[in-house]
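The next block holds one structure in the form of structure tokens; read it before the comments.
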Amino acid sequence: RKEVEQDPGPFNVPEGATVAFNCTYSNSASQSFFWYRQDCRKEPKLLMSVYSSGNEDGRFTAQLNRASQYISLLIRDSKLSDSATYLCVAHSNYQLIWGAGTKLIIKP
Amino acid sequence: DAGVIQSPRHEVTEMGQEVTLRCKPISGHNSLFWYRQTMMRGLELLIYFNNNVPIDDSGMPEDRFSAKMPNASFSTLKIQPSEPRDSAVYFCASSRTGGAEAFFGQGTRLTVV
């Protein structure tokens, strides 16, 4: 079993819709969590950190459920420019454990 | 800040040749990571340096791979001899906080024919 698991997708979503993905992690000692975004043939870039209390950045909301060991990302009013692969990351000490990513395609 | 700088951006080489990838981390970052990304295996950590010292190289595939960080502003990843299965995108990333937020270079796309 992978340490961080994501549904690879692709999620095909119409523009304007709300989409959510989850990510599960196996190491309960993981200290912090992040969502990264990777565009095709580009490097991953930090999208947002994930806090126990949940956090929101514009149309994006991230939540952490430590009891069930998963994190989620919600995108509201999706835009064509949201099309990308979203990588879930668990951090423990120096280690960043990466999920394989969920591919999101927003259709006009 | 220029961000993490990698070179070359693209490399095509013949099997058996030596390949050297270069990375300049963000100034002030004390952690440096080399990753490899393929469609099949996703993003894999190859090696992690902290304050120029290799801390974890358990991800280095085999003895053909080696990495150095002679100073805080430069690191290399060398493959000798290269094989077609080494074809991938190699990313260098740096972090101020020991990995909590990593900034990636644009990657080197390696093709071994």
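Sequences listed follow chains A and B, in order. Residue 1 is where the first sequence starts when you use my numbering, and the numbers rise one by one after that. Residue 1001 is where the second sequence starts when you use my numbering, and the numbers rise one by one after that. Think of the CB as a built atom: it goes at the ideal place given N, C-alpha and C, for glycine as much as any other residue.
Listed in chain order, the non-local C-beta contacts of residue 1101(B) below 8 Å within the same chain comprise 1095, local neighbours out to five positions each way being set aside. Interface flag for residue 1002(B) against chain A is unset, since no Cβ pair is found closer than 9 Å. The beta carbon of residue 42(A) falls within 9 Å of a beta carbon belonging to chain B, placing the residue at that interface. For residue 1036(B), the enclosing beta strand (DSSP E) stretches over residues 1031-1038. Residue 1051(B) holds the alpha-carbon nearest to the alpha-carbon of residue 1070(B) among 1112(B), 1051(B), 1061(B). At a beta-carbon threshold of 9 Å, the residues of chain B lying near residue 101(A) are 1042, 1043, ordered along the chain. In the structure shown, the three-state DSSP call for residue 8(A) is coil.
Contact with chain B is absent for residue 107(A), since none of that chain's Cβ atoms lies less than 9 Å from the residue's Cβ. By the Cβ test, the segment 1076-1084 of chain B is in contact with the segment 1017-1030 of chain B, since at least three Cβ pairs between them sit closer than 8 Å. Per DSSP, the beta-bridge partners of residue 62(A) are 55(A), 73(A).
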